[in-house]
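What follows is a short report on a single structure.
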Amino acid sequence: MLIIEDEPRIALMIQDALEEVGATSFSFALTENEAVQMAEVQRPAVISADVQLLEGTGPAAVERIYAALGRIPAMFVTGNPDMCEPSYGCEILEKPVTLHQIQAAFERIAPAEVLQAIFKAASGPA
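Residue numbers (this note's numbering): 28 to 153.
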């Protein structure tokens with residue numbers, strides 16, 4: 028899970044929400060360039076991005092990641108939903124958001140194998 032967010036409080040809230048539904052591996056980026064570099068080093072299963080970053084934008088970061096790695100499920104968590112262009116059919120959540128909204132969006136976009144791995148880990152050994 029790659030969280031592209033320049034506000035630490037929001038990034039941690041997203042992480043907390045996703046940990047509650049079983050996500051376990053997180054990377055954090057504050058800028059567009061940092062997000063692209065991190066994705067190229069470790070391809071994320073899911074991306075969460077804000078629009079306005081310290082440098083660059085979340086939509087531009089997602090577009091560059093798609094160009095380098097192909098489509099990855101993504102959601103934008105932003106106070107500027109009208110700036111999520113191109114959105115590529117990604118989930119768009121407008122701040123302020125609740126933990127439940129973040130969790131529901133993750134469950135809608137996460138690849139089936141990610142959700143199955145989470146369910147299997149939560150179920151314990153068979």
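Ideal Cβ positions, reconstructed from N, Cα and C, are used throughout, including at glycine. Nothing here was measured: the structure is a model prediction, and the numbers come from that model.
- Sixteen is the threshold: since fewer than 16 other Cβ atoms of the shown chains lie within 10 Å of the Cβ of residue 51, the residue is exposed.
- Note that the region 37-55 touches the region 67-84; at least 3 beta-carbon pairs, one per stretch, sit closer than 8 angstroms.
- Cα atoms of residue 56 and residue 135: separation of roughly 23 angstroms, rounded to the nearest angstrom.
- Rounded to the nearest whole angstrom, the CA to CA distance from residue 34 to residue 123 is 13 angstroms.
- Nearest Cα to residue 101 within the set 54, 132, 142, 128: 132.
- Put simply, the region 105-118 does not touch the region 57-68. Fewer than three CB pairs are less than 8 angstroms apart.
- By the neighbour-count definition (other C-beta atoms within 10 Å, threshold 16), residue 118 is a buried residue.
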